[in-house]
Every structure is written in structure tokens, then in C-alpha cells.
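For the sequence shown, my numbering begins at 47 and goes up steadily by one.
Where a beta carbon is used, it is the ideal one built from N, C-alpha and C, also for glycine.
Take a look at the structure below.
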Amino acid sequence: MELELDFGLNKTDKLLRKFEEIHNFIYANDGLSTQQTLEEFIKILFVKILDERENVKLFKISLEEFELLKDSKTNCSFLSRIDNLFSKTKSEYPDLFDKDEKIRLSETSLSFIVNKLQNISLTDSSSDVKGLAFQKFLSHQEKDGRGQFFTPEPIIDFCVKIIQPHKHETIIDPACGSGGFLFSALEYIKKNNKDCNIDDIIQTNIFGLDINKSIARIAKMKLILEANVLTNIHNTNSLNDIDELKLKFINNNIVKGFDIVLTNPPFGTAGKITNKAILSKFELGYKWLKENLDYTKTNKLQNSQTAEILFIERSIDLLKEGGRMGIVLPNGHFENPSLEYLRYYIKKRCKILAIVNLPQETFIPYGTGVKTSLLFLEKNSENTNIEYKVFFSKITKLGYQGNKNGSPIYKKDKYGNIKKNSYNQPILDENFTATIEDFSNYKNQKDIENENSYLLSYDELNGRFDYDFYSPETKQLLNKINNNNAKKLSDIVDIIKVKSKLLSNPNAKVEYVELSDVNTPSFEIINSTEYFVHELPSRASYEIKAGDIITAIAGNSIGSRKHATALVSDAYDGSICTNGFRVFRNFKIDPYYLLFYFKTEFFLKQIYILRTGAAIPNVSDFDLGNILISLPDEQIIKAIGEKVRKSFELREKSKMELENIKLELT
47 MELELDFGLN KTDKLLRKFE EIHNFIYAND GLSTQQTLEE FIKILFVKIL DERENVKLFK
107 ISLEEFELLK DSKTNCSFLS RIDNLFSKTK SEYPDLFDKD EKIRLSETSL SFIVNKLQNI
167 SLTDSSSDVK GLAFQKFLSH QEKDGRGQFF TPEPIIDFCV KIIQPHKHET IIDPACGSGG
227 FLFSALEYIK KNNKDCNIDD IIQTNIFGLD INKSIARIAK MKLILEANVL TNIHNTNSLN
287 DIDELKLKFI NNNIVKGFDI VLTNPPFGTA GKITNKAILS KFELGYKWLK ENLDYTKTNK
347 LQNSQTAEIL FIERSIDLLK EGGRMGIVLP NGHFENPSLE YLRYYIKKRC KILAIVNLPQ
407 ETFIPYGTGV KTSLLFLEKN SENTNIEYKV FFSKITKLGY QGNKNGSPIY KKDKYGNIKK
467 NSYNQPILDE NFTATIEDFS NYKNQKDIEN ENSYLLSYDE LNGRFDYDFY SPETKQLLNK
527 INNNNAKKLS DIVDIIKVKS KLLSNPNAKV EYVELSDVNT PSFEIINSTE YFVHELPSRA
587 SYEIKAGDII TAIAGNSIGS RKHATALVSD AYDGSICTNG FRVFRNFKID PYYLLFYFKT
647 EFFLKQIYIL RTGAAIPNVS DFDLGNILIS LPDEQIIKAI GEKVRKSFEL REKSKMELEN
707 IKLELT
């Protein structure tokens, strides 16, 4: 290892290589995890920046000092210099560093890093070079860390292009993570405003909050490498009292709120907020009561509330009147009946600009398979009795695969060759660009309806916000069903929703039927398992009788061709089934016709549209009862029913034929 004294900052890739060499050296020599290694490297970058900004010139190592440390001999003067610099750094950034925080690196690693960075100016050199190198470096580490603080770059850039921030607008991310939204917004402003002063924009217009100290450091470093100015990244809990938060912005003269909020709040594994002191500060911390089509906030606190729901309210609070917001949320917030009060609250406080559905695989490369959508709002506290169109769209092509690495997917010609643009670069296979164009046309008051985008009148936006529920395909389907003498399912069958009395005897033996015990193509239950009642899983619920029909209302297959439906035969009379089924009995139409209807697109598409839940999709009993069943001419119903009945008879006959075959050997 030789002391390197001639490195100049002139190429992005060269600086990126330095960053990665440092990271890899720490990881290999100090026994730290990937995340811990990144944290220590960020600390050193802060120390380096402070040394340059104050021109103290202590961030250095001589050849003699380097040789001593290389031979495993302690050099007090070198270590003292760096320690003094870190003490100054902690004083400069008290919200990012604890007073007793230390650099957790070996002397060897510390000397290696200082050697690599001492002749690089991180404050005076091109921000494009520094920023891009750090972005690339950080992108690698975030993916390796399975996305603890990472939103996919295509999603971030898409949100920014929909919001279209202007150079004079103030922007905040109250759950900023490593600053992806803020940095993308800054890049958008730079690209679209040739004359803007980036230093001023960073110092006065860009704000980020994050509860995680280590992650907030990364966001701050991103902006510091863009401009050698004071930045507004704060390590704080965004769910703190709103007046307490506003104190952080008072010096920036932000009184009425921010122009833009861009955020991906923590959800899923973040846990629920149970602290009554926090819940009481939020309207959505209270229970809401439905009265006809409206909701009223009660005086009773929720037992708990998910963090992202409180973040929605806090984000709206942070906006000024007329301010715009883009937020990533789980699909359950757009669909679940239990969260209708949330959607009512949003509608009362904001104009709904756009709702964009994302595919299942969006976040898989970053550690989660939760299905999400994007919600774009404009704060409008008097959002009542107004008429406007809401833009709906769905992204079907991300430009990357839903695998661990998020491998890029490129467009190909009919011969299978990758298409390239005028710069000879491969073209990603994505439809973000098309959706942005559709949204631009919508803003210019043009009608939109294509395979991925459509407009909906605000007064048609009822209890749900999800794309499929209002799509033109859905409307066409429901019109077709209604034109064929449709009736609600609950009007033609009894839906059994009461637990069986058999379950009250813990020592009784019963046969238990699960979703997987149904052979979907043949409408048959093909298996059951014997249990004592006390051994049954908690989902065991309903007693089934011969002649009943059971159909799945939960699971990833509902609404698809694998949707489980079966006619209960004599062999399973008296069995207990899972609450993942609903049981139909006392039919007012031919049950064999109904059985057939349950395999048609008319039923399956309705189920698919009505399913809710980000983790395990399900259909509520209310929605199930309202599913429309087409009842054509009586002769058609009878003819279809007879054919289905005959198919069951033939199947039973074939089973008997097989059982009667004997093999005789002499």
C-alpha cells in the first residue's frame, strides 16, 4: 500500500471508485455489517467537509504516520487530529450526532480513508461530479441493504415529474430517508431552469425530516455535496407536535406551509402508534362514525393507528393552501372498507389530482412485496360541491424486473434485438413516460381514455380510490351484467356467516376443509382432514351440508382462474370449512347455473375488482352480497344448469367405472 498524493477530482467514475474502495476496505477489515460500514464512511465524509469548510487542514496523513500505522503502531498525533475534527463535527451537527458518539473504525481503516480522500476537495469541486458519484455509490449500498431507506428511482422521478416543482417553491419530505425525493426534485429544477441558483434553492427551499439519525446524515450529505451551504435536513420525528415542527422552519420564513410534499412514509413493518399523547394530536388518531354517506370524528381515541395514516394528515398539515403532494401508500388505504373514513377525510381536505396504480413487483427488489399506489393531492380546505376530473392510471411496465436485483428490462424489436435511442443507449421497457404524457394532456383539459389511463368525475369518486374499481373495463362489465336482468347475490342465496355449533365441543371429531382441498376445474372438494375441535386452526368456522356451494373470499387466487369454488357432495356433509370460504344455501335459482356463473368472467372480474388488502386479498361480506348475478331467459338458465348437472353425473359414473376395473393375473 502506497501513500497516494496525486489524486485529482476530475471524473465521476474515478471518485465513485474511491468511494467503493473505501467502503470495501472497511467492510473487509473491520468486521462491520454493510449498513455499519456505510454509517462510518458517512461520518468521515462529514469530518472531511468540516475540515474543508473551516480550512483547518487537519484531515491529512503524512507518509511517516501512514507507515507507522501500516506497521500496526499507534500514531497519537494523527488520531488526535481526526478526533478533534470529529468533535467539531458533532458540535456543528448536534441533531445528527450524539455528544458521546465515536468513530468505530480501526486505526488502519482510518488511515486508509484519510489517505484516499486528503487530496480531494469535496467543497470546491464540481457538484455534478461529486453528487453523481455519491448517488451511484449510495444506490449500490441501498440495494445491498435490501432497501431499508430506499424508494425505487423510477418511482421517485415519476412523482417529481407529475408534481413539476418550480424553482421558487418550497419542498419537504417528512419521511425523507436518504433524500431521494428531495434530490430528484432538485435535479428536475436544475434541468428545467438554466438560470437558477442551486445554492439558494438548497438553503431556502429544500427540507427533509427523518427519525433515523444515520439515514438523515446521508440525506444531508447528498445536499452538502451539491452545494457548500447550510441544508435543512433534520433528524426528528415528523409526528411530533406540529407547532414544535414549525420551529424548525421559522428561520426560513415558512409560515403558511410548504408548496410541495413528496414522501414515501414508513408502512408495513413500521408498527402502530399507541401513544395516546401522539394520537390525540391528530384527527385521524380518533375514531370516526359513519352517518349515511358522511363521517364524523368522535371524541374517542383509536386504540392504535398505523404510522402512514398519521403521516397523511401530517403531510396535509405541512402544505400551504393550494400546495401539492405526491405520496406512496399501500393499496389497502385505497380499497379497504375499514379505511373509508380515511378517504373521506382526504376528500374533505384536498382536491384529488391523480391516482396511479403500481404493479406487485415494484418494491420486491427493495425487500417488500406490498402492493402500492401513488396519490397526488392539492390542498383545498373548502373541497365541497365542486366539479372536476380525477386522473387515474396504472403502471404496467417498470423498466426493471421484480427480482432481487431489479434487473433492467429493455424494449426489443420483432427480431428480439434491444432497441436503442439516438445516443445508442438501450431503451427501458416502461410506461412511466406514457403516463406522464397522459397526465400532461389531462392538465391541458383533454379527454383521456386508453389501455392504462382514464378520467373520472369527482362526484363518481365514492368510497374507494383504486384504479380497477372505476376503470372503463369495469363499467362496461357491470353494464353488460345489468343488461341481463341482474340481481344481487344476497337476493338469490342465503350466505352463511355464523360459526358452527359443532365448534363448541372441544373433544368432538370433525372433518376440516381448507382452500387447497378444492379442485378448481371440477368444482369438487377432493380432500379433508380429521381433527379434534380443539386441534382446529382458528380460521375453522362454518359447517357445510350436501348441496351447498362454497367459494373463496380470501387468498391471492380470488378473482383469478384459480379461484376456488365447489359443490358440497354427500361425502363432505357435516364438515367444517375455513373462514376463507363463504357458504351459499337455500337457492332461489338453479344452483348448477350459479355454480357455472362462478367460473365466468362476470363473477371473477367482480371479485377481482372488489378484493382488498395489501398482504392477503379478501372480499368483504358486504361486497360479496352485492355482487351481480346475470339471470338471462329461464330456458337458458335451465339449459346451462342441466349441462352442469350432467357433467357431475358423468364424473361420478367415470369414478365408479374406474373403481370397478379389476386386474386378474394367472
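DSSP places Val690 inside the alpha helix (DSSP H), whose first and last residues are 680 to 706. When the beta-carbon positions are compared, Val556 and Val579 come within less than 8 Å of each other. Residues Pro383 of the same chain have their beta carbon placed closer than 8 Å to that of Phe668, with the five preceding and five following residues left out of the count. At least 8 Å separates the beta-carbon of Thr597 from that of Arg631.
The region 277 to 322 is shown to contain whole beta strand (DSSP E) runs of 3 or more residues at 278 to 281, 304 to 309, in chain order. It is roughly 7 Å from the alpha-carbon of Leu523 to the alpha-carbon of Phe648.
Nearest in C-alpha terms to Glu86, of all of Val102, Phe65, Lys106, is Phe65. With contacts defined by Cβ atoms closer than 8 Å, Lys417 and Asn377 form a contacting pair. Counting only the Cα atoms, Lys526 lies some 44 Å from Asn467.
The way I'd put it, the region 479 to 486 doesn't touch the region 593 to 609; fewer than three beta-carbon pairs between them come closer than 8 Å.
DSSP lists Tyr341 as the bridge partner or partners of Lys336.
Here the alpha carbon of Val160 sits roughly 24 Å from the alpha carbon of Ser224.
When secondary structure is reduced to three states using DSSP, Val579 falls in the helix class. Within the model, the alpha-carbon separation for Thr408 versus Arg657 is close to 20 Å. Separation of Phe204 and Gln249 (C-alpha to C-alpha, rounded to the nearest whole angstrom) is 24 Å. Each residue's CA atom was taken as its position, placing Glu359 and Ser284 some 11 Å apart. When only Cα atoms are considered, Asp97 and Gln491 end up about 54 Å apart.
Just so you know, the alpha carbons of Tyr341 and Asn508 end up roughly 13 Å apart. The straight-line gap separating the alpha-carbon atoms of Ser568 and Gly626 is approximately 19 Å. Here DSSP, grouped into helix, strand and coil, assigns Ile235 to helix. If the five residues before and after Lys533 are omitted, its C-beta is found closer than 8 Å to the C-beta atoms of Leu674, Ile675, Leu677, all from its own chain and listed in chain order. Taking C-beta separations shorter than 8 Å and ignoring five residues to either side along the sequence, the partners of Thr320 in its chain run Asn349, Ser350, following chain order.
Less than 8 Å divides the Cβ of Leu308 from the Cβ of Ala231. By the neighbour-count criterion, in which a residue is buried when 16 or more other Cβ atoms sit within 10 angstroms of its Cβ, Leu335 is exposed. Assignment of Phe627 by DSSP, reduced to helix, strand and coil, places it in the strand class. Taking 8 Å as the cut-off, the Cβ atoms of Thr442 and Asn496 do not count as close.
Here Leu91 is not near His69, since their CB atoms are 8 Å or more apart.
DSSP places Ile401 in the strand class (E or B) of the three-state scheme. According to the DSSP assignment, Asp636 belongs to no alpha helix (DSSP H), since it is labelled neither H nor E. Fully contained in the region 93 to 173 are the following alpha helix (DSSP H) runs of length 4 or more, in chain order: 109 to 116, 122 to 138, 153 to 163.
By the CB criterion at 8 Å, Leu501 and Val436 fall inside the cutoff. In this chain, the beta strand (DSSP E) harbouring Phe438 covers 435 to 440. Residue pairing by DSSP places Pro518 opposite no residue, since no beta bridge is assigned to it. Between Thr520 and Asp514, the gap from beta carbon to beta carbon is short of 8 Å.
CA-CA distance, Tyr456 to Thr479, rounds to 14 Å. Assignment of beta strand (DSSP E) within the region 449 to 515, counting only whole runs of 3 or more residues, yields 499 to 503 in chain order.
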